[in-house]
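Worksheet: one structure, shown below.
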Amino acid sequence: MFVLFCPHCGEKREEEEFGYGGEAFIPRPATPEALDDEAWGDYLFMRKNPKGWHWEMWSHNTGCRKFFVVKRNTATNAIAGSWTLAEGRKAYDAEGGST
Amino acid sequence: MSSYRVRRPGARVDFDKPLTFSFDGQAYDGFAGDTLASALLANGTRMLARSFKYGRPRGIIGTGPEEPNALMQIETGAHTIPNLKATQVELYDGLVARRTTGWPTLEFDLKSLGGLFSRFMPAGFYYKTFQNQKLWPKFEHIIRQAAGYGSAPSEPDPETYDHSHRHAQVVIVGGGASGLLAALLAGRAGLKVVLLDEQNECGGWLLSSPHSVIGGEQASAWLKSAVGELQSLPNVQVLTRTSAFALHDMNLVLAVEQLQDHLPIADRAAHQPRQRLHRIRAERVVLATGAIERPLVFGNNDVPGIMTASALTTYLNRYGVAVGKRILLQTSNDHVYQGAADLARAGCEVVLADTRTRINPAWEKRVRAAGVDVRTGFGIAYARGRRAVTGAQLVKLDAQRNVVVGSGPSIDCDALGSSGGLSPTVHLYCHDGGRPHWDEERLAFVVPEAGRAKSGIYGVGAVTGEFGLQNALEQTERITRELLSSLGKSAPTSSGNLKTDEPDATPARRIFRVPDGRAEGHGKKAFVDFQNDVSAADIHLAVRENYRSIEHIKRYTALGFGTDQGKLSNVNGFAIAADVLGKSIPEVGTTTYRPAYSPVTFGTLAGAHAGDTFEPRRYSPMQAAHVARGAEFEPVGQWLRPWYFPQTGEDLHAAVRRECLAARRGVGIMDASTLGKIDLRGKDVREFLNRVYANAWTQLAPGKCRYGLMLDENGMVMDDGVTACVADNHFLMTTTTGGAARVMTWLEKWHQTEWPDLDVYMTSVTDHWATAAVVGPKSRQVLAKICSDIDLSPSAFKFMDWREGTVAGVPARVFRISFSGELAFEVNVDANYGHHVWEALMDGGREFDITPYGTETMHVLRAEKGFIIVGQDTDGSMTPLDLDMAWAVGMKKPFSFIGKRSFARSDTAGPNRKQLVGLLTDDPQIVLAEGAQVIERADVTPPAAMLGHVTSSYYSPELGRSIALAVVRDGIARRSEDGHKSGRDLLYAYAGGKAHKVTVVSPVFVDPKGDRQNV
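Going line by line, the protein sequences match chains A and B. As numbered in the UniProt record's numbering, residues 1 to 99 make up the first sequence, in order. As numbered in the UniProt record's numbering, residues 1 to 1015 make up the second sequence, in order.
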């Protein structure tokens, strides 16, 4: 029951307004047929699931219905920031693209 | 007034307001301001309960939420509440209380028979005895009855409950001296402050020591002016009778406010809530939760009349009750001295046995002046008495080591108080992951003084180990100033003189279990946890049986379980375990503190979300029409849909039979308004549909519809529905009733995260449209009666077409689609006209005997045609190929649609997939159970290899026999074609201990060629 900042609405809101959208920055392969089963399986199923900082998506379900990016610590629920998808990608890349 | 009452100056009971109440059917007197516990003690009641395992007599030990024994059933009938602690029940006139333990009676408890059972009930009794699990059901009833605990009310709760969601800059938990000072400083700085206190008034320990001195004035005067000032500050709210029971992420404080529990039932305001749950999001949280005194562990320390020393003091000073005339106090520290002096001055004969040899000279002087008999270096080996304490045997202790070095006097008493030190109430601090710190000097788990300032959580006062009043106040002032500056504020004025009259503290003795000179387990039982009858010997036994982690020791012995959650017992238990394990207390650590701090009633947690308002209920616009026609309803997700429409004397089967035959042979009508509807616009909608559906959408022209299968990226069917092309850049999608919200989010996610370049706008329009499906060979005739501007002829309006027109004078979209296999028209109108159009269709259909039908008939009709219900016939592991629906997959689409690549995964493409088939029982009258296992041979003994299971099963009135859909391994290849049986198609469906022979067939039972929907 934490609070998230929606970068689209510009407001902090209770968690119950949001829906979890899974790990962020798992782009869909441009040509799925070119991938072997293992690589496609990785895209489908393999997730980081860290104890600690995690880049993830949330959607503002009962608000603007927009997806956005949150960096959250899964052990403490501390939140380092919220970004739009594009801005989040930049922040993620600036950190070296890993958690 | 009873002889136990003392008119103490500063007491918080109003001796001018007598009350009467009953306990176990007997009438008693009390006063306004009493708790049930103080009133019972004032009446001389000692034994109030029987213990959990041994049936030993038990009495009141504490004064608040720590009370383990005095659990009461309050009131009767619908208002009854089980297991309230007598120490927390405010007395009101006419209160009715009953004991919750003691079986068959409190006076005679079967379990207590000479301790007969005691040697058979060691730690881990249940695990050891019921290793043979078959025994448990036989004994559960007897054990539960004998163990006691109250009864849940059998009638609906007549009370209402409320939730309040709010924000505050500073929430202060605990209205004792520290909490009040923090609230004053934050309030004067202009912050929005909420102060929570679980008792009926603020003051905390000051209420028990009204004669202490703060800044030259009596504590009671300081308290009065502090509360007065707080009430005058508009930015400060003081909530009493409000227990903060949880602290969650990001400073979310949950607190329950008791609004009416303290009033006689007849005086409670009707339509006002009994309790209110406050969910407070705070910028800063100040924990001023204080500490609870823990008793010492010694032989027979559970005899009624034995309490914590602080409880004796509180009953005297706050409630005007001297629990005994001759009082024996046993301590390891300074905290009991003020109370000892107060009890002596109130006329009690007081002996104070201090386990220390070097005691505080200033305190000694004060208590001796009051007439207290001080004995140093003595511990209590065991208490005497059975239903009430009569005395205790002292032993001489070694000055350093906790061993007996000599005998001591035997002392008579009628009340006994012990103190092993204070245990800070660290619970809230630990709820969201904080760990308490062991302070070896103060012998307590404390909130580190710095708290978790980074996340805005501060501890002040006793909860940090500052047990002295002056130290606590000075520390509170310092920490609150830090808090204020973190919010950009400063405390405008000095808090004034905080000097008290306490002597400097002398170190406490590190003692938890008082030795009696005998090996553990050989002397008198010495209880650690009273509510669960856990003795020091039980903890020794658990360690001997190789339990090492304190979490395991807790669960094996039940230490710290129950409604008090070990508030008195935990630290003693941890310390005894540490000694036996040869570890330090911080090495052993604590068990986990979880919400709720003290029990919260379900009603409060539910708030208004109960009964009719448990969940929003959605109704179709035609609901009134269905009610008027006597429909039976069933919930479908949040919707309530007509299930069937029984006529006089009909049961479900008779009604469904009639409804099915009407739809197949005449005309039926069904409310389909609940289907999810999504309006998609934009120039790229067609491409978007190509990506999110398995089907191809490129060719679908305006005026046409198509059935689509929506897959997840694993290639599994997740939703289905018909989508209509309104215009090249405008489509209307329908989804399953239950999947509407999920599909909407799914589509938005793909659009926003992967294909934001596509020009697509989505709007949920489920509630905007009402839909009536007119179904059956005569449906065209019915529609023609009330629709004149659409050419309904088969050549002009084909199957899977849709038309715009006017139905019953209302603009409508009419879809020629069918979920029954019959000729059918689905009429969509503005929801506000739904009821009107339904009635118009009923009028128009009267001459054709139009028959309304519900979800049950809809299911039979679609199963007869082998039409799937996503989520019933599929379970997230079925591909379109498993469903034999390759026709709905556009493999040639240029874009690799969602799920396509997964068709080629080795598992998805491999053999032995479960596939959708039809099943026909040999005996046509047997309707298989849904969920029945499909197996190869009838004579197997479980566990048998299962080939699949029955997903849908009905009696088909059209065929006059049962039908079933099932998913079966390799099912498509097993189907017998045209009645030709190969042997491989003969299987068994197993349910309820019986195997029924079945033949695997095509899932399309009626009209396999699909002619009827094309007429």
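Virtual Cβ for every residue (Gly too), placed ideally from N, Cα, C.
Rounded straight-line distance, which links the Cα of residue j to that of residue i
i       : j       : result
L195(B) : V336(B) : 28 Å
T766(B) : M622(B) : 14 Å
T737(B) : L947(B) : 30 Å
T99(A)  : S82(A)  : Because the pLDDT at T99(A) is just 49, under 50, the model does not fix this residue reliably, and the value given afterwards should be weighed accordingly. About 15 Å.
A654(B) : W697(B) : 42 Å
N77(A)  : N200(B) : 35 Å
L581(B) : E545(B) : 12 Å
E687(B) : S896(B) : 11 Å
D93(A)  : D875(B) : 38 Å
V460(B) : R8(B)   : 30 Å
H165(B) : F2(A)   : 14 Å
H522(B) : T63(B)  : 32 Å
G918(B) : M858(B) : 18 Å
K981(B) : K997(B) : 13 Å
Closest residue to residue i among the options (Cα-Cα distance)
i               : options                               : result
A186(B)         : E217(B), L36(B), A663(B) and A491(B)  : A491(B)
A863(B)         : G910(B), V837(B) and L965(B)          : L965(B)
G488(B)         : I585(B), R284(B) and G845(B)          : R284(B)
G562(B)         : L41(B), F52(B) and S22(B)             : F52(B)
Y954(B)         : V940(B), T921(B), A282(B) and L680(B) : T921(B)
T564(B)         : D939(B), H262(B) and I60(B)           : Checking the sequence shown, residue 564(B) turns out to be Asp, not Thr. The candidate whose alpha carbon is nearest that of D564(B) is I60(B).
L54(B)          : F125(B), V514(B) and M878(B)          : For clarity, residue 54(B) is Tyr in the given sequence; the question names Leu instead. For the residues F125(B), V514(B) and M878(B), the minimum Cα distance to Y54(B) belongs to F125(B).
G299(B)         : V321(B), A381(B), V236(B) and H271(B) : A381(B)
I585(B)         : L919(B), F574(B) and T592(B)          : F574(B)
residue 1021(B) : M800(B), E293(B) and W755(B)          : Lying outside 1 to 1015, the shown extent of chain B, residue 1021(B) is not represented and no answer is given.
V89(B)          : K134(B), T80(B), I74(B) and V917(B)   : I74(B)
V827(B)         : A784(B), R846(B) and K865(B)          : A784(B)
P295(B)         : S225(B), T855(B), A888(B) and N572(B) : N572(B)
Partners in chain B for residue i, counting only beta-carbon separations shorter than 8 Å
i      : result
A59(A) : The residue asked about is misnamed: residue 59(A) is Ser in this sequence, not Ala. The contacting residues are T745, E748 and K749.
F67(A) : E748, K749, Q752 and T753
W40(A) : R901, S902 and R905
P32(A) : S896, K900 and R901
G19(A) : T745
Cβ-based neighbour list, residue i, same chain, cut-off 6 Å, excluding 5 preceding and 5 following
i       : result
G371(B) : A344
L71(B)  : N83 and T100
F467(B) : L422
Q400(B) : none
G10(B)  : P210 and S220
R509(B) : S332, T355 and R356
L329(B) : A309, V336, A340, L352 and G417
W222(B) : I214
Close beta carbons around residue i, own chain, < 7 Å, minus the five adjacent residues each side
i       : result
D109(B) : R50, G55, G102 and W103
R780(B) : L792 and L823
Residue i CB to nearest heavy atom of the ligand FAD below 8 Å
i       : result
Q475(B) : Because no ligand of any kind appears in the structure shown, any question about the ligand FAD cannot be addressed here.
9 Å Cβ cut-off: residues of chain B touching residue i
i      : result
R89(A) : Simply none; closest approach about 11 Å.
Under 7 Å from the C-beta of residue i: neighbouring residues of chain B
i      : result
F2(A)  : D249 and M250
D37(A) : R905 and S906
R28(A) : E754
Proximal residues of chain A, C-beta to C-beta of residue i below 7 Å
i       : result
G433(B) : T76
Contact list for residue i against chain A, beta-carbon separation under 8 Å
i       : result
R281(B) : V3 and E14
Per-residue contacts from residue i into chain A (C-beta, under 9 Å)
i       : result
N714(B) : L44 and F45
Is the region 463-480 of chain B in contact with the region 169-189 of chain B, if contact means three or more CB pairs nearer than 8 Å?
-> yes
Does the count of Cβ pairs from the region 675-694 of chain B and the region 758-765 of chain B closer than 8 Å reach three?
-> Between the region 675-694 of chain B and the region 758-765 of chain B, the count of C-beta pairs closer than 8 Å reaches three or more; the two stretches touch.
How do the region 160-180 of chain B and the region 607-620 of chain B stand: do at least 3 beta-carbon pairs fall below 8 Å, yes or no?
-> yes
Just checking, does the region 255-263 of chain B make contact with the region 430-448 of chain B on the three C-beta pairs under 8 Å criterion?
-> no
Mind the definition here: the region 272-286 of chain B touches the region 166-174 of chain B only if three or more C-beta pairs lie below 8 Å; say whether that holds.
-> yes
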